[in-house]
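Novice:
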Amino acid sequence: MREPPPTNVTALPTSFVGRRDALEGLEAALGRSRLVTVLGPPGTGKTRIVKEYALGVLARDDAPPGGVFFCELGDATTAFDMLSRLAQVVSIPIGDSLPIDESRRRVETALRARPAMLLILDNFEQLVRPAASLLAELLAAVPVSTRLLVTSRERLGIPGEALFDLGPLALPGEAGGHECEAVQLFLERARAAAPGTGSNASETELRDIATLVRLLDGLPLAIELAAARMRVLAPAELLERFGGRFGWLTHDPSVLPRRATLWETIESSWSLLAPWEQRALAQASVFRGGFGVAAVEGVLELDDLDRTASAIDVLQSLRDKSLLLADERDPSVRRFTLLQSIRDFAEAKLDTAATLRAHERHARHYLELGEKLCARLDVADDPDVRRKLRLEHENLLAVHRRFLPGHAALASPKDLPSELHGAALRAALVVARSAASHPYALSLEALDAALATTDEGEIDPRLVARGLEARGNLRRFVGQTRESIEDFERVLAIATKSGDRTLSASALSGLGNAATVRARWTEAGDYFERALALVKDTNDRRTEGRLLAMQAATHFNRDDPDASRALLVRALDLQRETRDRAFEGISVTSLGIVSLATGSLPEARTHLAEGLRIHREAGARHWEGVTLSYVALAEHDAGALAEAERIYDDALALLSEINVRRAEGIALAGSASVHLSEGQLGEAKKRYRRALDLARSMSPDHEGLFLGSLGAIAAIEDALTHASDLFEQAERTLAPYPRPAFACAIEVHRGLLDLARARASKGAVATELHRQARARLDGAAAWTGRSVEVRCAVRLLEAALAKLDEGVGAASRNALVVGPGGLWFKPPRAKESVRLHRRRALQRIVHCLAEHRLDSPGEAASIGRLVEQGWPGEKVLPEAGTERVYNAVATLRSLGLRKLLLQRDDGYLLDPTIEIVRATSGT
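Numbered according to the working numbering, the sequence shown spans residues 1 to 923.
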């Protein structure tokens, strides 16, 4: 059975009426051109017809193997918006902070790699000027078999575009009375709205319906909205309320040329509303992103509706008239939204004074709600509270934007009620409280705008300090370390002036965290100790728990995992006591990181899994990404390279999207290490270099480690000079930072340079380099149980040595194999090696004979030289020396070298016709 192609297009909830000729025309147009733009005024059903076409394509045997995807662009206004929506639809990770050229490159690369597909871009009209040229570039980049189907009210004007004009539905008089498409659509939707209605319509009703659809210009959206009213009004009543065609619509088509027809369509529904319903809908236009019953009660002036109307009445009435959409995904609560076009229309019905009043009520409601939710989080971190904050994200952003000085609908800030002073900053602070659930750039932008326009003389300095504190933390996350420090220094100045010890502790912890980004761990520890002293005086146990976790990080990053673990255990006790769930998750993840470093893999996996669950529960995407990166590192440490690579990709996609630069750099290096372990040197090198760019500004103590890893790659590639330079640079870069584990890892990586130099040498020099590489493993033994970075370096060097030994084994069947320093030898075709571990003189003589054979084949080693090598430092008389050598040779011959160890007048030598292979293994 054929595998269905991938798609995000789902079956439509209502039947598709008519338009068969149009569907065939679309098929023909796409057969002639790779880009087809469906043109038509709003309300003609452009979106609906392309979705119906997509469903038809998916049902065919020759559906494109790359799939059919639908991309909604209704609220996109920039070229980047278009790229972002397109990336989401086809699952391409790009973040808000990426430059547009890089975003375009990623989208182009991903689309180019996919097989033939149909990509539908809906509502492109507002993007014609900012993004049409970009779309032309994308079209040129994707495979020629891929088709683009665009809906727009305006032609794109780019090469290769084929236009498809979609007009209104066929009207009575054009297609035989009530059998026409427009009447059939009305009847179909009327029956859906009120079962039984329209099924047995009389000739009079059909005539009225025919008149009605003509007045509606055959626009499907208008017809559907009008048909929904058949639940309460007969066709004649609908006509009576219209009062004629739309000539009385006051909007100037020269101002809104692409919205005029849609405006008329919505006006036809507006005219069906009672006055109190109109006022309710107009006031509801202030909401953004959804609202519930409580918001209607708090924001709408229900007393002004000329009737005793409750919030439930308002919602029920507007919902019944299809002017509200209901989100029923959460069975415990209903949220409602307005279509953007209906919202825009309704908002225009408010005059300036009414708009300001509505905005003030909206701001009061959402500031009170948001600040109450934040206060609850200060007492106990409740996932449900965080979920409610995330739900109101758009409403709070609307408050922020509307109350920035200079907003068109805002009166002078001095004329605002006192409870709304600082509203823009207060809203930005609430938004920032759930910043980890969104790209950080969004919260940063809000705080920047609010702080830049805040008159510090007009509002409480502590509010300004809170804004600076929130921005300082976000600036640190995105790599703006210097600016972060400036913010916290301002907070500390405000706290010192006001004598606020709690605020002082917060400022000091912020400065400590900024110091950690610069890898100034001792300085960071001092800041945290000062902050701890302040919170202990005020008995702030929640903040104390957080500071202990921060202090634990300073010990871990100075390679003291035991001290770090002890502090984290204390921190967790306080965090659980104070129900500080978000920081509990951070501490649990940190315990996993410590356990991983010390080689306790089962314990590390348990902690990391728990931390991941808490972060996801809290919507903390920043720490979800961090934790995922260490889950990947644990898999790498366990040898599950494919799984580690997959999880690293997930972590990097998340960290890149929300722009957590430090964590992204460390995760990039981790993924590079996996590729290095798999022998994918090119990909590993590329990722290490990207990680290095981030490390220089965000984690300078890691810069040396990453340089050492690049040195290891250069050594594997036999680029000896480059590898040597990289190792020297790594050690020089790491020197200012107390990271002995990183220094050990670099030292182990140098073993790969030893092996590279051995490959370019021979004889005693190569043997010594092999011994030196193995000695580096012995030197790392003290750190393998305390650092995963050291273990990764050790495994890499061990693999290289094992590969060398495998090569020796394959080549040694007919050769004399000699272990390092003569520890053992294995004669040709022998099954077992001969161990000389306790016979030092024999070891040295075998080593001397082997090296002499390799350096000077066919020449004998004199008895004098063999005495010097076999018994170094001893004063041996010539006759005694000759006797010792004679006995040693006899012993070695008896152990398997009888035919290989030859005697000549000038000394002894190994048979020059036998191949000799040096092994690096000690056994």
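Quick reminder that beta carbons are idealized off the backbone N, C-alpha and C, glycines included.
Just so you know, these numbers come straight off a predicted model, no measurement behind them.
#1: Helix, strand or coil: which one does DSSP assign to C744?
#2: Which of the three DSSP states is assigned to D693 in this structure?
#3: How many angstroms separate the CA atom of S564 from the CA atom of W521?
#4: When you compare each of L238, E717 and E267 to D344 by their alpha carbons, which one comes out closest?
#5: Please classify I312 as buried or exposed, where buried requires at least 16 other C-beta atoms within 10 Å of its C-beta.
#6: In whole angstroms, give me the CA-to-CA distance for A212 and P235.
#7: According to DSSP, C956 sits in a beta bridge with which residue or residues?
#8: Which residues mark the beginning and the end of the beta strand (DSSP E) in which A162 is found?
#9: Compare the Cα-Cα distances from R466 to each of R433, P439 and P130 and report the closest residue.
#10: Determine contact between the stretch 369-381 and the stretch 573-585, defined as no fewer than three beta-carbon pairs at a distance below 8 angstroms.
#11: Alpha carbon to alpha carbon, what distance is there between G43 and T261?
#12: Cα separation between D905 and A756?
#13: Cα separation between L416 and E789?
#14: Could you round the C-beta distance between E394 and G289 to whole angstroms and report it? I think they count as a contact, below 8 angstroms.
#15: Are the CB atoms of R558 and P738 nearer to each other than 7 angstroms?
#16: Between which two residues does the alpha helix (DSSP H) carrying L39 extend?
#17: Among S671, R189 and L633, which has the Cα closest to the Cα of D649?
#18: Going by Cα to Cα distance, which pick from V917, T882, P878 and G873 is closest to H847?
#19: Using alpha carbons as the reference points, say which of L463, G512, S699 and A436 lies closest to H622.
#20: Can we say the stretch 11-30 touches the stretch 44-56, given the rule of at least three CB pairs closer than 8 angstroms?
#21: When you compare only the Cα positions, how much space is there between A326 and V293?
#22: Once DSSP output is grouped into helix, strand and coil, what is the label at S587?
#23: Quick one, which of I593, T7 and P115 has its alpha-carbon nearest V631's?
#24: Which one of D330, A113, P827 and E137 has the shortest CA to CA distance from A79?
#25: Rounded to a whole number of angstroms, what is the C-alpha to C-alpha distance between R390 and L83?
#26: List the DSSP bridge partners of Y908.
#27: What number of angstroms, rounded off, separates the C-alpha of L866 from the C-alpha of L641?
#28: Could you give the residue range of the alpha helix (DSSP H) that holds A380?
#29: Return the chain-ordered list of same chain residues with a C-beta closer than 7 angstroms to the C-beta of A684, the five sequence neighbours on each side being excluded.
#30: For W623, which of helix, strand or coil comes out of DSSP?
#31: Three-state secondary structure (DSSP) at S15?
#32: Can you tell me which of P6, V68 and S103 puts its alpha carbon nearest to the alpha carbon of S656?
#33: Near P257, what residues of its chain come up, given a Cβ to Cβ distance below 8 angstroms and the 5 sequence neighbours on each side ignored?
#34: Within 10 Å of its beta-carbon, does R689 have 16 or more other beta-carbons around it, so buried, or fewer, so exposed?
#35: Starting from V142, trace the alpha helix (DSSP H) both ways and give me its first and last residue.
#36: Note down the Cα distance separating S595 from P6, rounded to an integer number of angstroms.
Specialist: Looking at the coordinates:
#1: helix
#2: helix
#3: 13 angstroms
#4: E267
#5: exposed
#6: This sequence places Leu at residue 212; Ala is not what is there. Distance between the alpha carbons of L212 and P235 is about 8 angstroms.
#7: There is simply no residue 956 to check, as the chain begins at 1 and stops at 923 in what is shown.
#8: E161 to D165
#9: R433
#10: yes
#11: For T261, the predicted structure reports a pLDDT of 44, less than 50, and the residue's modelled location is therefore unreliable. A value from the coordinates is still provided. Each residue's alpha carbon lies about 7 angstroms from the other.
#12: 39 angstroms
#13: 58 angstroms
#14: 3 angstroms
#15: yes
#16: No alpha helix (DSSP H) contains L39, which is instead part of the beta strand (DSSP E) from L35 to L39.
#17: S671
#18: V917
#19: A436
#20: yes
#21: 12 angstroms
#22: helix
#23: I593
#24: E137
#25: 24 angstroms
#26: A861 and Q903
#27: 50 angstroms
#28: From DSSP, A380 is part of no alpha helix (DSSP H); its letter is neither H nor E.
#29: A672, H675, L676 and I713
#30: helix
#31: coil
#32: S103
#33: Note that P257 scores 36 on pLDDT, short of 50, meaning its location in the model is unreliable; the coordinates nonetheless yield the value given after this. No residues qualify anywhere along the chain.
#34: exposed
#35: V142 -> no alpha helix (DSSP H), and no H or E assigned at all.
#36: 41 angstroms
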